[in-house]
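For the sequence shown, the working numbering assigns the number 1183 to the initial residue and increments by one for each residue that follows.
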Amino acid sequence: MNKRLNVITLDGPAGVGKSTLARLLAEELAVAWLDTGAMFRCLALKLGPGAEKLAEDALRRRCATFSFSIGGRGKDTTLYCNGIPVGEEVRSENVGLLAARIAAVPAIREVLKQAQRAIGQTTPLVAEGRDMGIVVFPDAEFKFFLDASPEIRAGRRLKELEQNGEAVNPAELADRIRHRDNLDRNRAIAPLRPADDAVLVDTSSMTVEEVLNFMLRRITEGK
């Protein structure tokens, strides 16, 4: 198998800091950053509650009306849906739960896998999500799987939401993250797990800078 030297994957559960680290890593490497979680969230928001219950044909027809692309690189990478930038409206906890539900639907995963691979054909990138290293880019040269306890991740997510002006009960947030973990790790299609050749990184006691530097060293040493 030929390794994809222009794709680096970051996988892991909700709230582990994938988006922040993928953005920083892409900035250091001067490549684009693909936030696949935002793609699921955007599609979930546009399809609305109950989309996971639609018949496959109807769901595919609706999905066919949306197309994704990216522009820029590093921290200035922008994800577009139908040519319009995807904004912060997709970042709420409620949209995250909708995204977790549609992520269990095979048709949704197939549609977005093809969209993600198409983007990967256009530009070097750091791709972050749940199954980048296993399903979407199995031949990526560098793969990382980030993890931390639900409590640690809830604390980090709480700070992020508070900075965005969103009030959340800490205990409820921790329960939501555990629920999201259960959906992600136990779904029949592409359950959350590290690729066999992924580098596992427990970020529980590491700063963002420490995790970033660790990944950069692994990439530099592997070249």
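Built from N, CA and C at the ideal position, the CB exists for glycine as well.
Nearest candidate by alpha-carbon position, reference residue i, set the options
i	options	result
Ala1377	Gly1315, Lys1200, Lys1228 and Leu1365	Gly1315
Arg1273	Thr1247, Arg1399 and Gly1197	Gly1197
Ala1297	Asn1276, Pro1231 and Phe1319	Phe1319
Lys1341	Gly1199, Arg1244 and Phe1248	Gly1199
Asn1351	Glu1275, Val1390, Phe1396 and Arg1362	Glu1275
Leu1398	Gln1303, Glu1238, Arg1369 and Leu1211	Leu1211
Pro1332	Ala1353, Arg1360, Asp1321 and Thr1305	Arg1360
Gly1269	Ala1233, Val1213 and Gly1219	Gly1219
Glu1238	Met1388, Arg1291 and Leu1279	Arg1291
Asn1188	Asp1321, Ser1387 and Pro1231	Asp1321
Arg1358	Leu1192, Pro1231, Thr1260 and Leu1279	Leu1279
Beta-ladder partner(s) of residue i, from DSSP
i	result
Glu1310	Leu1192 and Asp1217
Cys1263	Phe1250 and Ile1266
Asn1382	Looking at the sequence provided, one finds Leu at residue 1382 rather than Asn. Per DSSP, Phe1327.
Start-to-end residues for the alpha helix (DSSP H) that takes in residue i
i	result
Ser1249	It is not in any alpha helix (DSSP H) - Ser1249 carries neither H nor E in the DSSP assignment.
Thr1202	Lys1200 to Leu1211
Leu1365	Pro1352 to Asn1368
Leu1343	Pro1332 to Gln1345
Gly1302	Pro1288 to Gly1302
Gly1404	Val1390 to Gly1404
Range of the contiguous beta strand (DSSP E) that encloses residue i
i	result
Leu1280	Counting along the chain, Leu1280 falls outside any beta strand (DSSP E), though it belongs to the alpha helix (DSSP H) covering Glu1275 to Ile1284.
Glu1323	Ala1322 to Asp1329
Residue i vs residue j beta-carbon contact at 8 angstroms
i	j	result
Asp1366	Leu1374	yes
Leu1307	Ala1208	yes
Ile1190	Ile1371	no
Glu1310	Leu1216	yes
Leu1241	Val1277	no
Ala1330	Asp1384	yes
Leu1229	Ile1284	yes
Arg1205	Lys1257	yes
Leu1203	Val1390	yes
Phe1222	Ala1289	no
Lys1325	Ala1380	yes
Cys1224	Val1293	no
Asp1313	Pro1195	no
Ala1233	Thr1305	no
Residue i Cβ short of 7 angstroms to the ligand ATP heavy atom set
i	result
Tyr1262	As for the ligand ATP, it is missing from this structure, which has no ligand bound.
Any 3 or more C-beta pairs closer than 8 angstroms across the stretch 1243-1259 and the stretch 1336-1347: No, the stretch 1243-1259 does not touch the stretch 1336-1347.
Three or more C-beta pairs under 8 angstroms: does that hold for the stretch 1283-1299 against the stretch 1262-1271? Taking 8 angstroms as the limit for Cβ pairs, the verdict is that the stretch 1262-1271 does not touch the stretch 1283-1299.
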